[in-house]
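Engineer: Here it is: the structure, laid out below.
Residue numbers (this note's numbering): 4 to 158.
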């Protein structure tokens, strides 16, 4: 666990020790929001990585769209929670929507990284070679339909 992770864990432990009733009442929502904020950061970092690799702008835009959707979902949930009494069913719907948005991220990342083992194999910039050749266990797959302007994609 990285230092930020330890700080978050320590904060939750301190909250539980200081106010167990508050922790039991609000811990799930705070933990879920913290987790999804972390996922949004990861989605944005993937967009940054795609923007600066041979993946090209298409994947960066897709990652940005997923991060925006997740952020708007959290913002809408916060507005609902603070402007009117939101029942438990609202939390379930918000979490379901965020999980669907996470699934969109996972699918985009799967398509982007299908032929590579690590993002480093994508190279940097448009002039860099595309993904390493597909191994015997993975047939080559075209990304041309998602990013027709990128060099080095297989047809």
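For glycine and all other residues, C-beta sits at the position ideal for the given N, C-alpha and C.
Reducing DSSP to helix, strand and coil, say where residue 67 ends up.
Structural biologist: In this structure, residue 67 counts as helix in the three-state DSSP scheme.
Engineer: Does the distance from the C-beta atom of residue 81 to that of residue 66 stay below 8 Å?
Structural biologist: No, these two residues do not count as a Cβ contact at 8 Å.
Engineer: Taking only the alpha-carbon atoms, compute the straight-line gap between residue 40 and residue 33 and give it to the nearest angstrom.
Structural biologist: Residue 40 and residue 33: Cα-Cα distance of roughly 10 Å.
Engineer: Mapping the DSSP letters down to three states, classify residue 59 as helix, strand or coil.
Structural biologist: In this structure, residue 59 counts as coil in the three-state DSSP scheme.
Engineer: Using the C-alpha atoms, what's the distance from residue 36 back to residue 23?
Structural biologist: Cα-Cα distance, rounded: 19 Å.
Engineer: Looking at residue 51 and residue 115, is the spacing between their C-beta atoms short of 8 Å?
Structural biologist: Their beta carbons are not under 8 Å apart, which means residue 115 does not touch residue 51 by this criterion.
Engineer: Report yes if the CB atom of residue 97 is closer than 8 Å to the CB atom of residue 113, and no otherwise.
Structural biologist: Cβ distance not < 8 Å, so residue 97 and residue 113 don't count as in contact.
Engineer: Just verifying my parser: in three-state terms, what is the DSSP assignment at residue 119?
Structural biologist: If DSSP states are grouped into helix, strand and coil, residue 119 belongs with coil.
Engineer: Once DSSP output is grouped into helix, strand and coil, what is the label at residue 54?
Structural biologist: Residue state, collapsed to three classes: helix.
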